[in-house]
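Chemist: Residues in the sequence shown are numbered from 3 upward in steps of one, following the working numbering.
I'd like to ask you about the structure that follows.
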Amino acid sequence: MELRQLSERVFVLEGSTNIGIIRSSRGHAIIVDTGLDESTARKILRHCQELDLEPQVIMTTHAHADHFGGNAFLVKRTGAKVWASPFEAHTLAAPLLEPMGLYGGVLPPANLRNKFLLAPTSPVDVLLEPGRQIMDGLEGEVLLLAGHSPGQLGFGVDGVLFTADAFFPAEVLDKHKLPFLVDLGQTMATLKALAGTKWHTFVPGHGPVLTKVEPCLDYNLERLQEIRQLVLSSLGEPRQVQEILSDILEHYGLLAEAPSIYHLDLAAVKAFLTHLADAGEIEMRVKGNRLVWQRLHS
Ligand SMILES: [Zn+2]
């Protein structure tokens with residue numbers, strides 16, 4: 003992982019999940035997300051030591067295992083306090099909620115309980131609300147960036163905004179095609195709200211740091227519209243959600259590599275279906291003991 007300085011006080015540790023290290027006062031740091039596991043947390047600690055900083059606050063943007071998997075270790079080693087939104091705090095305290103949520107609220111088999119979906123339990127010390135916040139003496143701005151996760155937060159300081167998984171840079175989106183989201187309406191509202199904001203640097207949860215974010219936001223919106231259209235096109239006749247997903251995977255030439263990836267994709271498709279149902283375009287029905295989605299013709 004590479005450490006890059008973005009402002010006098012703000013650093014990013016670039017890796018498969020980007021991590022923020024912000025100097026809050028002499029000798030102290032705020033950590034934005036802790037990555038997947040203990041090995042990432044050890045790297046964060048090493049970089050903090052090089053900068054002569056002791057982590058005091060861990061700001062968790064959202065409760066996905068690849069963003070808070072290092073919390074437990076970092077807290078054990080440093081005593082840092084964890085700040086998170088009230089919604090995400092539930093999953094930090096009971097991480098099984100993540101794989102269970104993905105599996106319809108039911109305990110899933112072991113291949114959905116891997117470290118990418120099930121992180122060690124993290125304490126939560128402060129419930130964080132959007133707005134101006136002072137953490138360890140440092141004033142920053144907390145933004146609600148819901149959609150990818152219901153209580154996802156961004157954190158901005160010195161003109162740098164950590165955006166978590168509110169959007170995905172083109173290289174990430176082109177690889178995965180179907181971005182994970184739980185609420186399409188909120189995801190689109192968040193993308194629109196980020197356009198034209200005052201921040202000069204954007205640090206997404208994954209992929210490169212951006213200084214010009216609008217083309218990327220537009221690209222994310224276009225891709226979501228495209229998937230929405232693909233879901234509708236798949237409903238020439240009533241279909242089950244798994245059938246709709248296979249149409250979309252086939253369209254993009256994708257092969258779901260593992261049950262965990264399949265379930266993430268399936269959840270995203272369900273978010274599109276809910277959005278279309280709420281817009282009165284489709285409905286969910288039970289037909290011949292099959293749960294199907296169909297278009298509504300007015
Ligand atoms: Zn995420």
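Here a beta-carbon is modelled for each residue, glycine too, at the ideal position from N, C-alpha and C.
In chain order, which continuous runs of the alpha helix (DSSP H) of length 4 or greater are located wholly inside the region 82-137?
Modeler: Assignment of alpha helix (DSSP H) within the region 82-137, counting only whole runs of 4 or more residues, yields 88-95, 99-104 in chain order.
Chemist: Looking at the strands, I want to know which residues DSSP matches up with R241.
Modeler: Looking up residue 241 in the sequence shown gives position 239. BP columns for R241 point to W295.
Chemist: Where do the N-terminal and C-terminal ends of the alpha helix (DSSP H) with R28 fall, by residue?
Modeler: Position 26 of the sequence shown holds residue 28. Per DSSP, R28 belongs to no alpha helix (DSSP H) and is neither H nor E.
Chemist: Grouping DSSP H, G and I as helix and E and B as strand, with all else coil, what is P171?
Modeler: Walking along the sequence shown from the start, residue 171 turns up at place 169. Of the three classes helix, strand and coil, the one that applies to P171 here is coil, per DSSP.
Chemist: DSSP state of F157, grouped into three classes?
Modeler: As a position in the sequence shown, residue 157 is number 155, starting the count at 1. F157: strand per DSSP, three-state reduction.
Chemist: Rounded to a whole number of angstroms, what is the C-alpha to C-alpha distance between L8 and E141?
Modeler: Mapped onto the sequence shown, residue 8 falls at position 6. Mapped onto the sequence shown, residue 141 falls at position 139. The alpha-carbon atoms of L8 and E141 are separated by roughly 17 Å.
Chemist: Under 6 Å from any heavy atom of ligand 1, does the C-beta of H66 make it?
Modeler: Taking the first residue of the sequence shown as 1, we reach residue 66 at position 64. Yes.
Chemist: Using the three-state DSSP reduction, which class does L257 fall into: helix, strand or coil?
Modeler: By 1-based counting over the sequence shown, the position of residue 257 is 255. In the structure shown, L257 sits in coil (DSSP, three-state: anything other than H, G, I, E or B).
Chemist: DSSP state of E10, grouped into three classes?
Modeler: For the purposes of this step, residue 10 is taken as residue 8 along the sequence shown, with counting starting at 1. Looking at E10 - three-state DSSP - the assignment turns out to be coil, as it is neither helix nor strand.
Chemist: Taking 8 Å as the cut-off, does the region 87-96 touch the region 173-192 (at least 3 CB pairs, one atom from each stretch)?
Modeler: no
Chemist: Can you tell me where the alpha helix (DSSP H) holding L196 begins and where it ends?
Modeler: Stepping through the sequence shown from its first residue, residue 196 is reached at position 194. Boundaries of the alpha helix (DSSP H) around L196: 186-196.
Chemist: Starting from the Cα of A166, find the closest Cα among E4, S18, E245, E10 and give me that residue.
Modeler: Against the sequence shown, residue 166 aligns to sequence position 164. The residue from E4, S18, E245, E10 with its alpha-carbon nearest to that of A166 is S18.
Chemist: Residues in the same chain with beta-carbon distance under 8 Å from H253, minus the five sequence neighbours each way, listed in chain order, please.
Modeler: Here the question's residue 253 lines up with position 251 in the sequence shown. L232, listed in sequence order.
Chemist: Given a cut-off of 7 Å on the beta-carbon distance, is the pair E56 and G29 in contact?
Modeler: Locating residue 56 in the sequence shown gives position 54, counting from the first residue. Locating residue 29 in the sequence shown gives position 27, counting from the first residue. For E56 and G29, yes; Cβs fall inside 7 Å.
Chemist: Here's the rule I'm using: 16 or more other beta-carbon atoms within 10 Å means buried, otherwise exposed. How should H69 be labelled?
Modeler: For this step, residue 69 is matched to residue 67 along the sequence shown. The residue in question, H69, is buried, as its Cβ has 16 or more Cβ neighbours within 10 Å.
Chemist: Tell me the residue span of the alpha helix (DSSP H) that contains A342.
Modeler: As shown, the chain starts at 3 and ends at 300. That puts residue 342 outside it, with no answer to give.
Chemist: Using a 10 Å radius around the Cβ and a threshold of 16 neighbouring Cβ atoms, would you call R25 buried or exposed?
Modeler: To locate residue 25, count along the sequence shown from 1; it is residue 23. With 16 or more other Cβ atoms within 10 Å, it is buried.
Chemist: Using beta-carbon positions only, say whether W85 and L130 come within less than 7 Å of one another.
Modeler: Position 83 of the sequence shown, counted from the start, is the residue given in the question as residue 85. Position 128 of the sequence shown, counted from the start, is the residue given in the question as residue 130. In this structure, L130 lies closer than 7 Å to W85 by Cβ.
Chemist: Between G133, V14, K272, A172, which lies nearest to R225 when the distance is taken from Cα to Cα?
Modeler: One-based indexing of the sequence shown puts residue 225 at position 223. Nearest option by C-alpha distance: A172.
Chemist: At which residues does the beta strand (DSSP E) containing T203 begin and terminate?
Modeler: Residue numbering aside, residue 203 sits at position 201 when the sequence shown is read from its first letter. In the DSSP assignment, T203 falls within the beta strand (DSSP E) that extends over 203-206.
Chemist: Going by DSSP, which residues form a beta bridge with I24?
Modeler: For the purposes of this step, residue 24 is taken as the residue at position 22 of the sequence shown. For I24, which the question treats as bridged, DSSP gives the partners V12, I32.
Chemist: Excluding five sequence neighbours on each side, which residues of the same chain lie with their C-beta closer than 8 Å to the C-beta of G161?
Modeler: Locating residue 161 in the sequence shown gives position 159, counting from the first residue. So the qualifying residues of the chain are S9, K200, W201, H202, T203.
Chemist: Mind reading off the beta-carbon distance from P1 to F75? Whole number of angstroms is fine, and I expect it under 8 Å.
Modeler: Outside the modelled stretch of the chain, which goes from 3 to 300, sits residue 1, for which no answer is possible.
Chemist: For V288, tell me which candidate among V271, I263, A195, Q242 has the shortest Cα-Cα distance.
Modeler: Stepping through the sequence shown from its first residue, residue 288 is reached at position 286. Nearest option by C-alpha distance: Q242.
Chemist: From A260, V294, E259, R44, pick the residue whose C-alpha is nearest to that of Q244; which is it?
Modeler: Translated into positions along the sequence shown, residue 244 becomes position 242. Answer by Cα proximity: V294.
Chemist: Name the residue from G156, M190, H49, L256 whose alpha carbon lies nearest to the alpha carbon of V5.
Modeler: Here residue 5 refers to the residue found at position 3 when the sequence shown is read from its first residue. Sequence inspection shows Leu at residue 5; the Val mentioned does not correspond to that position. The shortest C-alpha separation from L5 is found at H49.
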